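Taken in order, the sequence shown gives residues 13 to 374; the numbers are from our numbering.
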Amino acid sequence: MQGKKADKKVDSTDVVKCKTCGADMYFDIASGKLRCPYCDNTVEAKANVFENEHNVDGFDESKLRHEDGVITYQCPNCHAKCEMHGVFDTSAKCPFCGATNVLKVDDIPGLAPDAILPFKITRDVASQNALKWIKKKLYAPIKLKKSFKPENLNSVYSPTFSFDSDTFSTYNGRLGEYYTVTVGSGKDSRTETRTRYFNVSGTYSQFFNDVLIEVSPKLSQKEFEKVGGFDTDNAVEYTSEYIAGHSSERYDTSVNDAYGTAKEKMNARIKSAILAQYHYDVVDYLHIDTSFNDSTFKYILVPLWCSGFKYRDKIYNYFVNGRTGRAGGKTPISVWKVALTLVIIAAVIVGAYFGLKSAGII
Numbered sequence: 013m014q015g016k017k018a019d020k021k022v023d024s025t026d027v028v029k030c031k032t033c034g035a036d037m038y039f040d041i042a043s044g045k046l047r048c049p050y051c052d053n054t055v056e057a058k059a060n061v062f063e064n065e066h067n068v069d070g071f072d073e074s075k076l077r078h079e080d081g082v083i084t085y086q087c088p089n090c091h092a093k094c095e096m097h098g099v100f101d102t103s104a105k106c107p108f109c110g111a112t113n114v115l116k117v118d119d120i121p122g123l124a125p126d127a128i129l130p131f132k133i134t135r136d137v138a139s140q141n142a143l144k145w146i147k148k149k150l151y152a153p154i155k156l157k158k159s160f161k162p163e164n165l166n167s168v169y170s171p172t173f174s175f176d177s178d179t180f181s182t183y184n185g186r187l188g189e190y191y192t193v194t195v196g197s198g199k200d201s202r203t204e205t206r207t208r209y210f211n212v213s214g215t216y217s218q219f220f221n222d223v224l225i226e227v228s229p230k231l232s233q234k235e236f237e238k239v240g241g242f243d244t245d246n247a248v249e250y251t252s253e254y255i256a257g258h259s260s261e262r263y264d265t266s267v268n269d270a271y272g273t274a275k276e277k278m279n280a281r282i283k284s285a286i287l288a289q290y291h292y293d294v295v296d297y298l299h300i301d302t303s304f305n306d307s308t309f310k311y312i313l314v315p316l317w318c319s320g321f322k323y324r325d326k327i328y329n330y331f332v333n334g335r336t337g338r339a340g341g342k343t344p345i346s347v348w349k350v351a352l353t354l355v356i357i358a359a360v361i362v363g364a365y366f367g368l369k370s371a372g373i374i
């Protein structure tokens, strides 16, 4: 049967059959529907509202099993662990480094996703944004910028834990505000900056919704936030239909560890919110005691375009947000560009010094 090819080969998901011709269907990002690569028949993907949340307190993930039919494979090259549904396909490749010698590993106990945020940004748009990103990297080697080709972007659903918590904080501390005074008289007078301290105390309440923590072995929280900004309110109940034609990565962080990271982020935001209530210049100390109440979490898969490139025998991964198109990642640094920048800065400082000296200012 003749027909146009799919944007991505269906080699890592549940098989969804076309009712018209019987071919395997895939999730078409451009239309947001399941599409047949041969007869072009389309079917609406399920979009059920998800309501499943887990209580953090007392949660024991060791007793859970991952969803049936999931096969975990590992890349021997970069050690990434991803998942496919159905029968293991020997033609599958690693979505991060592109290696084709991926190996099936034993099934691992764990959680099944509660929700999924479908892809919205197509491969073409993601490629364009990746190219713009690399060209804006000031200290990236010129050779890399000229040779960079984002041709091997892979669509991967990355694992995250999303936490909600109702917090209540009590605090006390001492803040300082700068003021100036004139001391001495006549030619000996001068202005001094001093600090006037004052005590603060009180309570602060805040409900946190969807504090998103990445739990991917191939992505740090810092890298995740550089491309972050996921509209999790638009996530739908998990169904493998959205993964048809794409891949999903397996999480490697426990719920408790992820919750610890989430609390650190919430604590930082609580501190900023408390301090924002006061006019101050310096913090002498601030003690905050916070209780986290009715904390829940959801396991959400979020969309990322992933790829990597090798430069001087080292692999650098980069990512593009599958909802917003925001790109980010690691790049090598040109020593020559850094050295040139330092030389220019030194020249400016020296020039300014002699200019001020010749003017009699110093």
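We put the beta carbon where it would ideally sit given N, CA and C, even for glycine.
Just so you know, these numbers come straight off a predicted model, no measurement behind them.
Query: Proximity below 7 Å, CB of V212 to CB of L187; Result: yes
Query: Counted within 10 angstroms of its Cβ, other Cβ atoms place F210 as buried (16 or more) or exposed; Result: exposed
Query: Member of R135, S217, T172, A35 whose CA lies at the smallest distance from the CA of P162; Result: R135
Query: For V239, the nearest candidate out of V61, G34, A142, I356 (CA to CA); Result: A142
Query: Runs of beta strand (DSSP E) wholly within the stretch 188-266 (minimum 3 residues, chain order); Result: 202-226, 259-261
Query: Alpha-carbon spacing of V45 relative to I146, whole angstroms; Result: According to the sequence displayed, residue 45 carries Lys and not Val. Near 31 Å, if we compare the C-alpha coordinates of I146 and K45.
Query: Reference T179; option with closest CA among Y328, V360, R281, G122; Result: R281
Query: Touching by the beta-carbon criterion (3+ pairs, under 8 Å), the stretch 330-344 and the stretch 234-252; Result: yes
Query: Residue from D306, L313, I327 with nearest C-alpha to F71; Result: D306
Query: Anticipated Cβ contact below 8 Å, P344 with Y311, distance rounded; Result: Not a contact, Cβ separation roughly 34 Å.
Query: The stretch 48-61 in contact with the stretch 269-279 per 3-pair CB rule at 8 Å; Result: no
Query: Beta carbon of V227 nearer than 7 Å to that of C318; Result: no
Query: Span of the alpha helix (DSSP H), counted from its first residue to its last, around N141; Result: 135-147
Query: Any C-beta of chain C under 7 Å from that of M37; Result: Going by chain labels, chain C is absent from the structure shown, which holds only one protein chain.
Query: Nearest residue (CA-CA) to R206, options G198, T194, Y263; Result: T194
Query: Top-ranked residue by Cα proximity to Y190, from T273, A358, D293; Result: D293
Query: Minimum C-alpha distance to F39 - residue among S174, A256, K283, Y216; Result: A256
Query: V68, DSSP secondary structure in three states; Result: coil
Query: Cut-off 6 Å between Cβ atoms - residues of its own chain near D176, not counting five sequence neighbours on either side; Result: N221, T308
Query: Beta-carbon proximity of P125 to Y250, cut-off 7 Å; Result: yes
Query: CB contact flag (I225, A274, <7 Å); Result: yes
Query: Proximity to S303 [Cα-Cα], best of S181, N166, G196, D52; Result: S181
Query: Nearest residue (CA-CA) to N268, options H291, H66, N246, P130; Result: H66
Query: With 16 other Cβ atoms within 10 Å as the buried cut-off, status of R202; Result: exposed
Query: CB of P315 within 7 Å of CB of F173, strictly; Result: no
Query: Buried or exposed by the 16-neighbour rule on C-beta atoms within 10 Å, applied to L123; Result: buried
Query: Chain-order list of residues whose beta-carbon lies under 7 Å from that of V99 (same chain, five-residue window excluded); Result: In this prediction, V99 scores a pLDDT of 44, lower than 50, which makes its location untrustworthy; no coordinate-derived value is stated.
Query: Length of the line joining the Cα atoms of K158 and Y151; Result: 14 Å
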